[in-house]
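A short worksheet on the structure shown next.
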Amino acid sequence: MGLTYDTIKEKLTEKFAEQLTNWEEPYGMLTFTAFKEINLKVLQFLFDDETLRFRFLTDLQAVHYPDNTGAELAVVYHLHNLVDNIRLRFKIFTDINSPEVYSASALYQAANWMERETYDFYGVNFLGHPNLIRVLNVDEMDYFPMRKEFPLEDQTRIDKDDEMFGR
Amino acid sequence: MSEHILLPEGSLEKETTTLNLGPTHPATHGVFQNILELDGERIIKATSTVGYIHRAFEKIAERRPLYQITPLTDRLNYCSSPINNMGWHITCEKLLGVSIPKRVDYLRIIIMELARISDHLICNSIVGVDSGAYSGFLYLMQFRELIYEIYEEICGSRLTTNIGRIGGFERNFTPTAFEKLDKFLDEKHGYPAQLKEFEKLFTRNRIFMERTIGCGPISAERAMNYGFTGPNLRAAGVDYDVRVHTPYSSYQDFDFSIPVGKTGDCYDRFLVRNEEMWQSLSIINQAYKKVKEFKGAEAEVFHADSPAYYLPPKQDVYTKMEALIYHFKIVMGEIEMPVGEVYSSVEGANGELGFYLISDGGRTPYRLHFRRPCFIYYQAYTELIKGGMLSDAVITMSSLNLIAGELDA
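Residue numbers (our numbering), protein chains in the order written: chain H, 1 to 167; chain F, 1001 to 1409.
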């Protein structure tokens, strides 16, 4: 015990200073945003530091904010320090036209498929990933289905008159 | 003669065999495909393909109000749907700020632990089947039937339960549900007796031990790096359990221990699951006792007092204005969520099942991500089976407790 969000914040600011922004604690989880170039450095620092010890990657996913011009895609990491039992979340934002982000798969084996899934649905291009191909969707797919420009079908549409599948 | 037989190019020079295991092979228990490169019966390389039953749940969820997402969670790990349902309700309650009465928490724990038992018993007895012992499976299966009857008594369905609602249960547990629970917990004729018999069949069985010890092992460090959670991680020797580390639904009120293994092989995973079933039985007994202690009006509580999110009783809808409004708003999905992002996780039967929900203040989630334990630890499968025999690959797969529905979302 003893590791608190204040300590984590202090240590991270000491190391990365202005490169980390948007410190928040929504629903009790420390959240911050990092520049996308330093995502690996932050992960590595959190992993290696003897007091922080964030060595478990709980989850990794992307979010698409189409209105956020220049930073449309967010990649969100959830990390867990199992010794002190404390979690944190950090985000990086990237331009949708050049969604290049460094891959964490060398640090965490678990990130391998998580990044493939993120690539599969959002098209985030993880640099340095050993095998960045689609994982859940078919290989022939040529778009990234979870992006907001692909809305689900309007459930009230009436132009379909197929007897079996129409509404 | 032999010059007339045309073999494919290069087939004589290649010394290994390529074998396509799955996606519909009965031994894979679900749609998993693995392309194995075999030297005799030894696996030298494996490549796995997943996604055969991907149903785009995360995308669909972006169009649905919260309560309509519950049926989607059913179809993740369908061997223990109630845990998924409760995990989802707990996430929503965290976002909406609904506080849950103690009795509801305890009832939820009873259901979740029953689900955990039903999941572990399937997994462990299937490990038995895959190693050539069929009877254990039949012994335990009748009790899964009883668990399903209990679900049915509470929510009306059996496999994909859609049990409970945001704020509690749809109705109070009926006396029949408690009767069936008594029957299940009965020391002499209920599940404990059967589980004892099952353990007698397997735990010190020479054939079973030789078949599973040292099969598909993983070290604690590798398991953590691969993002293992649940019984598979605990079998490798890490005592991480969400129920203890981040208690939800009043798990802190209960006294139970977390079994851990050492080598992370099939045998350890089997033992950890068996012991977890005993722990679950103990938790159910404690929770049942606590539920019985509620007296008077408290003994009838089965949902939170939050009319804005919990569907009002139908009689009130016909007679009371407010109830009618809430009924309409909830059913039509016109509840606006508070803005925020929340990550909440529960200890699913095969690991940490997490829900990452981002709300932009609309009626549906802006983004919902399921942290599906299966998906994350299945990556390690190719490493686990490398160098082993083909038959070990089959047994390793069943002992990892892979559920295709959860893996593919």
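In this text, a Cβ means the ideal position worked out from N, Cα and C, and glycines have one as well. Note that the structure is predicted; figures quoted are calculated from it, not measured.
(1) For chain F, is any of its Cβ atoms less than 8 Å away from the one on Pro26 of chain H?
(2) Quick check: is the beta carbon of Met1397 of chain F nearer than 8 Å to any beta carbon in chain H?
(3) Against chain B, does Gln1033 of chain F count as a neighbour if the rule is that its beta carbon must be under 8 Å from one of theirs?
(4) Going straight from the alpha carbon of Thr1263 of chain F to that of Val1317 of chain F, what length do you get?
(5) Are the C-beta atoms of Met1443 of chain F and some chain H residue less than 8 Å apart?
(6) Under 8 Å Cβ to Cβ from Ala106 of chain H, same chain only, skipping five residues before and after it: list those, please.
(7) Just to confirm my understanding: we take Ala1323 of chain F, look at its own chain, exclude 5 residues before and 5 after, and list those with CB closer than 7 Å. What are they?
(8) Are the beta-carbon atoms belonging to Gly1128 of chain F and Gly1230 of chain F less than 8 Å from one another?
(9) Alpha carbon to alpha carbon, how far is Arg167 of chain H from Asp95 of chain H?
(10) Are the C-beta atoms of Val1342 of chain F and some chain H residue less than 8 Å apart?
(11) Assign Thr1161 of chain F to one of two classes, buried (16 or more other C-beta atoms within 10 Å of its C-beta) or exposed (fewer than that).
(12) So for Met1389 of chain F, helix, strand or coil by DSSP?
(13) Quick one, which of H:Leu46, H:Phe35, H:Asp84, H:Leu57 has its alpha-carbon nearest Glu10 of chain H's?
(14) Report the residue from H:Val63, H:Ala71, H:Leu152 whose alpha carbon sits nearest the alpha carbon of Tyr119 of chain H.
(15) Going by the DSSP bridge assignment, what does Val101 of chain H pair with across the sheet?
(16) Where does Phe1169 of chain F fall in DSSP's three states?
(17) Is the shortest distance between the beta-carbon of Asn112 of chain H and the beta-carbons of chain F less than 8 Å?
(18) Does the region 1221-1240 of chain F come close enough to the region 1136-1154 of chain F that 3 or more CB-CB pairs lie under 8 Å?
(19) Would Phe90 of chain H and Tyr77 of chain H qualify as a contact pair, given that the criterion is a beta-carbon distance under 8 Å?
(20) Which residue or residues does DSSP assign as beta-bridge partners of Glu37 of chain H?
(21) If you compare alpha carbons, which of F:His1089, F:Tyr1377, F:Pro1307 is closest to His1327 of chain F?
(22) Are there 16 or more other CB atoms within 10 angstroms of the CB of Thr1396 of chain F, so buried, or fewer, so exposed?
(23) Could you tell me which of H:Glu18, H:Met29, H:Glu50 sits nearest to Phe35 of chain H, measuring between CA atoms?
(24) For Arg1243 of chain F, which of F:Ala1236, F:Gly1237, F:Phe1256 has the nearest alpha-carbon?
(25) So if I threshold CB-CB distances at 8 Å, which residues from the region 65-95 of chain H count as touching chain F?
(26) Look at the alpha carbon of Glu1058 of chain F and the alpha carbon of His1369 of chain F, and state the distance between them as a whole number of angstroms.
(27) Mind pulling the chain F residues with CB within less than 9 Å of Arg147 of chain H?
(28) Could you tell me the distance, in whole angstroms, from the CA atom of Leu79 of chain H to the CA atom of Asp59 of chain H?
(29) Phe1169 of chain F to His1303 of chain F, Cα distance in whole Å?
(30) Going along chain F in order, which residues have a C-beta closer than 7 Å to the C-beta of Arg55 of chain H?
(31) Please determine, among F:Phe1208, F:Thr1364, F:Tyr1251, F:Arg1103, the residue with the shortest C-alpha to C-alpha distance to Arg1171 of chain F.
(32) Using the beta-carbon count (16 or more within 10 Å), is Glu1336 of chain F buried or exposed?
(33) Identify the continuous beta strand (DSSP E) that holds Gln61 of chain H and give its terminal residues.
(34) Can you look up Gly1354 of chain F in the DSSP assignment and give me helix, strand or coil?
(35) Which residue from F:Asp1392, F:Tyr1378, F:His1189, F:Arg1158 puts its Cα closest to that of Asn1404 of chain F?
(36) Would a check of beta-carbon distances place Val1050 of chain F closer than 8 Å to chain H?
This is what the structure holds:
(1) Counting from 1 along the first sequence, the entry for residue 26 of chain H is found at position 26. Yes, contact with chain F.
(2) By 1-based counting over the second sequence, the position of residue 1397 of chain F is 397. No - not a single Cβ of chain H is within 8 Å of the one on Met1397 of chain F.
(3) Any reference to chain B falls outside this structure, whose protein chains are H and F.
(4) Within the second sequence, residue 1263 of chain F is the residue found at index 263, counting from 1. Within the second sequence, residue 1317 of chain F is the residue found at index 317, counting from 1. Cα-Cα distance, rounded: 58 Å.
(5) Coverage of chain F is limited to positions 1001 through 1409, which leaves residue 1443 of chain F absent and any answer about it impossible.
(6) Along the first sequence, one-based indexing puts residue 106 of chain H at 106. Gly128, listed in sequence order.
(7) Residue 1323 of chain F sits at position 323 when you count from the first residue of the second sequence. So the list reads Pro1312, Asp1316, Val1317, once near-sequence residues are dropped.
(8) Mapped onto the second sequence, residue 1128 of chain F falls at position 128. Mapped onto the second sequence, residue 1230 of chain F falls at position 230. It is not a contact, given that the beta carbons lie outside the stated cut-off.
(9) By 1-based counting over the first sequence, the position of residue 167 of chain H is 167. By 1-based counting over the first sequence, the position of residue 95 of chain H is 95. In this prediction, Arg167 of chain H scores a pLDDT of 47, lower than 50, which makes its location untrustworthy; the coordinate-derived value is nonetheless stated afterwards. Cα to Cα, Arg167 of chain H sits roughly 39 Å from Asp95 of chain H.
(10) Taking the second sequence and counting its residues from 1, the one referred to as residue 1342 of chain F is at position 342. Val1342 of chain F has a beta carbon lying within less than 8 Å of a beta carbon in chain H.
(11) In the second sequence, the residue the question calls residue 1161 of chain F occupies position 161. Looking at its Cβ environment, which holds 16 or more other Cβ atoms inside 10 Å, Thr1161 of chain F is buried.
(12) Counting from one through the second sequence, the residue named residue 1389 of chain F turns up at place 389. Looking at Met1389 of chain F - three-state DSSP - the assignment turns out to be strand.
(13) Here residue 10 of chain H is taken as the residue at index 10 of the first sequence, counted from 1. Nearest C-alpha to Glu10 of chain H: H:Leu46.
(14) The sequence position of residue 119 of chain H within the first sequence is 119, counting from 1. In this structure, H:Val63 is the residue among H:Val63, H:Ala71, H:Leu152 with its C-alpha nearest to the C-alpha of Tyr119 of chain H.
(15) On the first sequence, residue 101 of chain H is found 101 positions in, with the first residue counted as 1. BP columns for Val101 of chain H point to H:Phe126.
(16) Sequence index remark: in the second sequence, residue 1169 of chain F carries index 169 (1-based). Of the three classes helix, strand and coil, the one that applies to Phe1169 of chain F here is coil, per DSSP.
(17) Reading the first sequence from its first residue, position 112 is the one you call residue 112 of chain H. It does: the Cβ of Asn112 of chain H has a partner Cβ on chain F nearer than 8 Å.
(18) no
(19) Taking the first sequence and counting its residues from 1, the one referred to as residue 90 of chain H is at position 90. Taking the first sequence and counting its residues from 1, the one referred to as residue 77 of chain H is at position 77. Contact flag set, yes.
(20) Taking the first sequence and counting its residues from 1, one reaches residue 37 of chain H at position 37. According to DSSP, Glu37 of chain H bridges with nothing at all.
(21) As a position in the second sequence, residue 1327 of chain F is number 327, starting the count at 1. His1327 of chain F has its Cα closest to that of F:Pro1307, out of F:His1089, F:Tyr1377, F:Pro1307.
(22) Taking the first residue of the second sequence as 1, we reach residue 1396 of chain F at position 396. When all chains shown are included, Thr1396 of chain F counts as buried.
(23) Start at 1 with the first residue of the first sequence, and residue 35 of chain H comes out as number 35. Of the listed residues, the one whose Cα sits closest to Phe35 of chain H is H:Glu18.
(24) Taking the second sequence and counting its residues from 1, the one referred to as residue 1243 of chain F is at position 243. Put simply, of F:Ala1236, F:Gly1237, F:Phe1256 the residue whose alpha carbon is nearest the alpha carbon of Arg1243 of chain F is F:Phe1256.
(25) Val76, His78, Leu82, Asn85, Arg87, Arg89
(26) Your numbering for residue 1058 of chain F matches position 58 in the second sequence. Your numbering for residue 1369 of chain F matches position 369 in the second sequence. About 6 Å.
(27) The count along the first sequence starts at 1 and reaches residue 147 of chain H at position 147. Ordered by position in chain F, no residue passes the 9 Å Cβ test against Arg147 of chain H, which lies about 10 Å from the chain.
(28) If you number the first sequence from 1, residue 79 of chain H lands on position 79. If you number the first sequence from 1, residue 59 of chain H lands on position 59. Cα to Cα, Leu79 of chain H sits roughly 7 Å from Asp59 of chain H.
(29) Sequence index remark: in the second sequence, residue 1169 of chain F carries index 169 (1-based). Sequence index remark: in the second sequence, residue 1303 of chain F carries index 303 (1-based). Computed Cα separation, rounded: 6 Å.
(30) Looking up residue 55 of chain H in the first sequence gives position 55. Here the neighbours are Met1224.
(31) Taking the first residue of the second sequence as position 1, residue 1171 of chain F is located at position 171. The residue with the shortest Cα to Cα distance from Arg1171 of chain F is F:Arg1103.
(32) As a first step, residue 1336 of chain F is located in the second sequence; it is residue number 336 there, counting from the start. The residue is exposed, with fewer than 16 neighbouring Cβ atoms inside 10 Å.
(33) The residue given as residue 61 of chain H occupies position 61 in the first sequence. That run of the beta strand (DSSP E) goes 56-64.
(34) Here residue 1354 of chain F refers to the residue found at position 354 when the second sequence is read from its first residue. Three-state DSSP puts Gly1354 of chain F in a strand.
(35) Within the second sequence, numbered from 1, the residue matching residue 1404 of chain F stands at position 404. As written in the sequence, residue 1404 of chain F is Ala, which differs from the Asn given in the question. Considering only alpha carbons, the answer is F:Tyr1378.
(36) For the purposes of this step, residue 1050 of chain F is identified with residue 50 of the second sequence, where counting begins at 1. Residue-level contact check: Val1050 of chain F touches chain H, since one or more beta carbons of chain H fall below 8 Å from its beta carbon.
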